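The opening residue of the sequence shown carries number -6 in the working numbering; numbering runs sequentially from there. Cβ atoms here follow ideal geometry from the backbone N, Cα and C, with glycine treated the same way. Computed from a predicted model, the values in this text were never measured in an experiment. A short write-up of the structure that comes next.
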Amino acid sequence: MNKFLLVFRMDITTPEAQPTPVQMQGYMEQWGEWINSLAAQDRLAAGGNHLSAEGRVLRPHGITTDGPYTEHKESMAGYILVNAVDMEEAVQLAKGCPILLGEGTSVEVRPIAGM
-6 MNKFLLVFRM DITTPEAQPT PVQMQGYMEQ WGEWINSLAA QDRLAAGGNH
44 LSAEGRVLRP HGITTDGPYT EHKESMAGYI LVNAVDMEEA VQLAKGCPIL
94 LGEGTSVEVR PIAGM
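Shown next, in the form of structure tokens:
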């Protein structure tokens, strides 16, 4: 089994992309079911955490900006690690992520390189 990072992103600036409280409650219930399903299949390697939209970005020459994505409307909302045979299986696991039910959202799938 290989490990893959799933990075969850969402649009934090477009008003139409923000879920209502009722939608958010539904997403959270579906999220719990999806995570439990991954764990039951022994595909959840690490649960990750929800990330705040607040942050800082450090760049060369001592530049620090508020962020994390001041130039973009997408913000990293969270991440998990999954176990999968290959990229295709990891993508199939990611397709079940409830964040994809919302507008302006995405899941990035990245293999974890061996050290």
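Contact under 8 Å by Cβ, residue i with residue j
| i | j | result |
| --- | --- | --- |
| Gln23 | Pro104 | no |
| Glu101 | Arg2 | yes |
| Thr13 | Gly97 | no |
| Gly71 | Leu44 | yes |
| Asp47 | Asp4 | The sequence given here has Glu at residue 47, not Asp. No; because the gap between Cβ atoms is not below 8 Å, this pair is not in contact. |
Inter-residue CB distance, residue i and residue j (contact presumed, cutoff 8 Å)
| i | j | result |
| --- | --- | --- |
| Ala38 | Leu74 | 4 Å |
CA nearest to the CA of residue i, picked from the options
| i | options | result |
| --- | --- | --- |
| Ala83 | Glu47, Pro14, Gln34 and Ser45 | Gln34 |
Other residues of its chain near residue i: CB distance less than 8 Å, five sequence neighbours each side excluded
| i | result |
| --- | --- |
| Asp79 | Asn(-5) |
| Val15 | none |
Other residues of its chain near residue i: CB distance less than 7 Å, five sequence neighbours each side excluded
| i | result |
| --- | --- |
| Leu51 | Thr57 |
Close Cβ partners of residue i (< 6 Å) along its chain, the five nearest in sequence each way excluded
| i | result |
| --- | --- |
| Ala87 | Leu(-1), Val100 and Val102 |
Considering only residues of the segment 32 to 75, which uninterrupted beta strand (DSSP E) runs meet the minimum length of 3 residues and lie entirely inside it, listed in chain order?
37 to 39, 48 to 52 and 56 to 60
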